[in-house]
Amino acid sequence: MDNEQYPPGDGEKFSDDLSEHLRIENEILRLRVRAELDGEYESDPQLSPELENEFLKNILAFEQRYARIKMLQVAELLGNPCLLPADKLDDKALSAAFRNLEALLSEKHIVVEFSRPRDDRFKYRFITEELFHHETDDMNIEGVTKYFNYEEFHPDHEEEIADHTIRFLGDWFQRSTVAARWYLDEYFVQPDGQVFSRDAMVDAFNKVFASYVSFEESGYAMDGVEYEMLTDEGPASEGLGFAEGMIRYTAVLENGERKFVEGPFKFDFTRTAGRWRIKYFYLSGFNG
């Protein structure tokens, strides 16, 4: 490669040797990425100079394009369609109008998601009366879809707390710490009053898991989920909540011995920076 000549092109030529040219150009591109994007960039040693060169140029091209984009309302992206309000449509007419709306959204590569089951009238009303007025960028990239989630506009706190709890329990039954790393707060209190870091708790989970080969015949019953918001609703709202219920499973030791565990669980949550995290928990088989 050292004897290859740099092919003619529009860019500045730093050397007649292709490998030397790429080395210099990549270093300049790295400096531009750090300066223009105000961030760090580390080269991947497994990436060839040619691929890194293309990658860096694509990053800069994307950012330059993004800097020039306009912000438009979703209705403008859809061509400002003239749609009747939900209140003016009977059920049959609304179903037809909603199908047409879905087709229009699909044509523009826009997807609107709802975490809970919602009927067509609810979806139509949200999209036409609220989402249509939401501003977003007008960047249109082939193969890229815009996603909007109803719960980003109207957080479903009860559903989110329940979902986090179920995922945590599911991981516990599978002897996994993925949910623990994601949903535990950075620091939290245990029932005896001791304060632990997230990493310390994950280590404690792994020690329990190492004592058993599997958890079998597992199940849970959720008795209740409650929450209280401490600030006004919004993406960065703050609050407190909890989920509680009963858990049961059979822990199997390496020698085949089986230990049946049954008892209560409770997860206390705190919401900060728009996210619910577990700050305290009691789990039968772990705390007692």
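Every position in the sequence shown, counted from 1, becomes a number in my numbering once 136 is added. Just so it is clear, CB atoms sit at the ideal spot from N, CA and C, and this is done for glycine as well.
Contacts around residue i, its chain only, beta-carbon distance under 6 Å, and the 5 residues preceding and following it disregarded
i: GLU271; result: MET207 and GLN209
i: MET358; result: GLY381
i: LEU219; result: THR264
Bridge-paired residues (DSSP) for residue i
i: TRP412; result: ARG407
i: LYS402; result: GLU380 and TYR418
i: GLN209; result: GLU271
i: GLU249; result: ASN285
i: ARG394; result: VAL388
The beta strand (DSSP E) enclosing residue i, as first and last residue numbers
i: ALA316; result: No beta strand (DSSP E) holds ALA316; the alpha helix (DSSP H) holding it covers 314-319.
i: ALA357; result: 350-365
i: SER333; result: 331-333
Enclosing alpha helix (DSSP H) for residue i [first to last residue]
i: ASN236; result: 227-243
i: VAL280; result: Neither: VAL280 is in no alpha helix (DSSP H) and is coded neither H nor E.
i: ALA448; result: Since the first residue of the chain shown is 137 and the last is 424, residue 448 is not available in this structure.
Cβ shell of residue i (< 7 Å), same chain only, five flanking positions each side left out
i: PHE268; result: GLN209, VAL210 and ALA211
i: ARG413; result: TYR319, LEU320, ASP321, PHE405 and THR406
i: LEU158; result: PRO185, GLU186 and ASN189
i: ASP138; result: At ASP138 the pLDDT is 43, less than 50, meaning the model places this residue with poor confidence; the figure from the coordinates comes in the next sentence. Once the five neighbours on either side are set aside, the close Cβ partners of ASP138 are ASP153 and SER155.
i: LYS244; result: LEU213 and LEU214
Anticipated Cβ contact below 8 Å, residue i with residue j, distance rounded
i: LEU389; j: VAL349; result: 7 Å
i: LYS415; j: PHE324; result: 4 Å
i: GLY377; j: LEU366; result: Going by Cβ atoms, the distance from GLY377 to LEU366 rounds to 11 Å, so no, they are not a contact pair.
i: LEU165; j: LEU183; result: With a Cβ gap of about 13 Å, LEU165 and LEU183 do not count as contacting.
Residue i (DSSP reduced to helix, strand or coil)
i: SER155; result: helix
i: GLU322; result: strand
i: ILE195; result: helix
i: ASN423; result: coil
i: GLY375; result: strand
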